[in-house]
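Accompanying notes for the structure given below.
Residue numbers (UniProt numbering): 1 to 460.
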């Protein structure tokens, strides 16, 4: 067995792990990155990027179908056909370019990448096949994996998001188990690709992590698209002989849903199994590794970042944590204390939450102003054929410091940066209201929401 020595060893080459490695390389830290599958992790390979690519394909196909029937824009086309194989090839091309780019960046910054599955021996020793690696600092960045349901084992017609993102054909009927963001993003995409889609959700509404006012436009669009919702229904099992999913209705009766495929999308959990993490005997926070505000675990010089350290399980959180950890190892003084981390759902319409919601401030006993501005009064939204949704601001009543932003509507994911910046910089309502926003843009609704909170919206 050969032995390698390094200052920093990272297990996991997803967004958190590879960003840690790149920043460490920039800082001159001797770094080894171990990855068992493809660089880029779930996000680049079977998550964020491919799902957005498939969503784009679905939207383009859906719009073309619309133009083939009736278009107020005056566009007339023949009924479109879809070659899903080519669509997947296009998606895979994007993934390949991004993962190849990550590999090039690691090489540029002199990071040694070892392909293989890591086995932790102790806090300074990891084995990968017949190679032993000794390190001074260990970063755990193994990410998360889909939660499986015992009564719906993945295989055959039962699929996870991984299989849903690489279809060989579009099923005639698809039942999505889980009305959270993953289930709805993919469910909407498949509906636009032509599948009859049903969503089974145990809670009493879709996207239960968000408030009802914010999710109502998404609910309305699902209805418009013809997606069937089975709320307050729980899954019992699947009968492969008749291709039916058994679900329990609120009243206690069993409903049989005929389907060609069942997509299980009930959440994700930290990936703590299969690499001998238990050898470290780290303090845990439920299913996640417990960390402090520097991402340090209960063992000295061992860090955990990203999904492995729990909620919020977001790639951009993992990246920020990884950058910080690399700087800490280099001797810089840092701590992870963001004012807010944006959460984005790429449903139709899109949904963004940054900071505190009206429900949050109410629960905390804070006296706040809550104000919203509808996209129905925004010129740019009208030119995009989308008038549903709104921008909502939450600010302290005493000093007008903004503590939260929410938005639902076409393209609002791109507003998340402005929302995050305003919170990090401690902006007040007057700061946003007094900033000249370009016309015509969706961003004008941000300014108008602040103006309305101050009592003088201009276009409402």
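C-beta atoms are modelled at their ideal positions from N, C-alpha and C, and glycine is treated no differently.
Query raised in the report: Cβ atoms of residue 211 and residue 357: under 8 Å apart, would you say?
Result: yes
**Report entry** Any alpha helix (DSSP H) of 4 or more consecutive residues that is wholly inside the region 41-82
**Finding:** As for any alpha helix (DSSP H) of minimum length 4 sitting wholly inside the region 41-82, the runs are 41-46 and 48-69, ordered along the chain.
Report task. Could you check if residue 75 is buried or exposed, using at least 16 other CB atoms within 10 Å of its CB as the buried criterion? Result -> Result: exposed.
Requested in this report: Determine the closest residue to residue 279 out of 366, 125, 407 and 19, with distance taken between C-alpha atoms.
Outcome: 125
Query raised in the report: If you draw a straight line from the alpha carbon of residue 300 to that of residue 179, how long is it in whole angstroms?
Result: 40 Å
Query - Under 8 Å between C-beta atoms of residue 378 and residue 445 - result: yes
Query raised in the report: Using 8 Å as the threshold, is the region 311-321 in touch with the region 146-164, meaning 3 or more CB pairs across them?
Result: The region 146-164 and the region 311-321 do not touch, with fewer than three beta-carbon pairs separated by less than 8 Å.
Requested in this report: Could you tell me whether any non-hydrogen atom of the ligand GTP is closer than 7 Å to the CB of residue 271?
Outcome: As far as ligands go, the structure on display features none, and thus does not contain the ligand GTP.
**Report entry** Span of the beta strand (DSSP E), counted from its first residue to its last, around residue 137
**Finding:** Residue 137: member of the beta strand (DSSP E) spanning 131-140, first to last residue.
**Report entry** Sufficient close CB pairs (3 or more, under 8 Å) joining the region 296-312 to the region 128-143
**Finding:** yes
Query raised in the report: Nearest-angstrom Cα distance between residue 389 and residue 193?
Result: 24 Å
Report task. Compute the Euclidean distance between the alpha carbons of residue 406 and residue 417, then round it to the nearest angstrom. Result -> 12 Å
Query raised in the report: Ordered along the chain, which non-local residues of its own chain (more than five positions away) have a Cβ less than 6 Å from that of residue 217?
Result: Closer than 6 Å at the Cβ level, and outside the excluded window around residue 217, lie 349, 388, 389 and 408.
Query raised in the report: Whole-angstrom Cβ separation of residue 207 and residue 345, contact assumed at under 8 Å?
Result: 7 Å
**Report entry** residue 469 (DSSP reduced to helix, strand or coil)
**Finding:** Limits of the chain in this structure are 1 at one end and 460 at the other, which puts residue 469 out of reach.
Query raised in the report: Looking only at C-alpha atoms, which of 251, 43, 451 and 49 sits nearest to residue 392?
Result: 451
Report task. Determine the closest residue to residue 183 out of 268, 430, 245 and 252, with distance taken between C-alpha atoms. Result -> 268
Query raised in the report: Short check: CB of residue 435 to CB of residue 447, under 8 Å?
Result: yes
Requested in this report: Specify the secondary structure class of residue 355 as computed by DSSP and reduced to three states.
Outcome: strand
Query raised in the report: From this set, 264, 369, 411 and 146, which residue's C-alpha is nearest residue 403's C-alpha?
Result: 369
Report task. Would you mind listing the beta strand (DSSP E) stretches within the region 249-279 that are 3+ residues and don't spill past its ends, in chain order? Result -> 254-258, 261-264 and 268-270
Query raised in the report: Do residue 152 and residue 177 have their C-beta atoms within less than 8 Å of each other?
Result: yes
Requested in this report: Using the Cα positions of residue 188 and residue 308, report the straight-line distance between them to the nearest angstrom.
Outcome: When rounded, the distance between both Cα atoms is 29 Å.
Query raised in the report: Roughly how many angstroms lie between the CA atoms of residue 276 and residue 121, to the nearest whole one?
Result: 7 Å
Query - Buried or exposed (CB count within 10 angstroms, at least 16 for buried), residue 77 - result: Under this definition residue 77 is an exposed residue.
Query raised in the report: What residue range is occupied by the uninterrupted alpha helix (DSSP H) comprising residue 379?
Result: 379-383
**Report entry** residue 181 - DSSP class collapsed to helix/strand/coil
**Finding:** helix
**Report entry** residue 259 versus 266, 228 and 273, residue with shortest Cα-Cα distance
**Finding:** With distances taken between CA atoms, residue 259 lies nearest to 228 out of 266, 228 and 273.
Query raised in the report: Does DSSP put residue 9 in a helix, a strand or coil?
Result: strand
Query raised in the report: So residue 288 packs on residue 322, CB below 8 Å; how close in whole Å?
Result: Actually they are not in contact, since the Cβ atoms of residue 288 and residue 322 sit about 16 Å apart, beyond 8 Å.
Query raised in the report: Do residue 263 and residue 164 have their CB atoms nearer than 8 Å?
Result: Contact flag set, yes.
**Report entry** Assigned exposure category for residue 271 - 16 Cβ within 10 Å defines buried
**Finding:** buried
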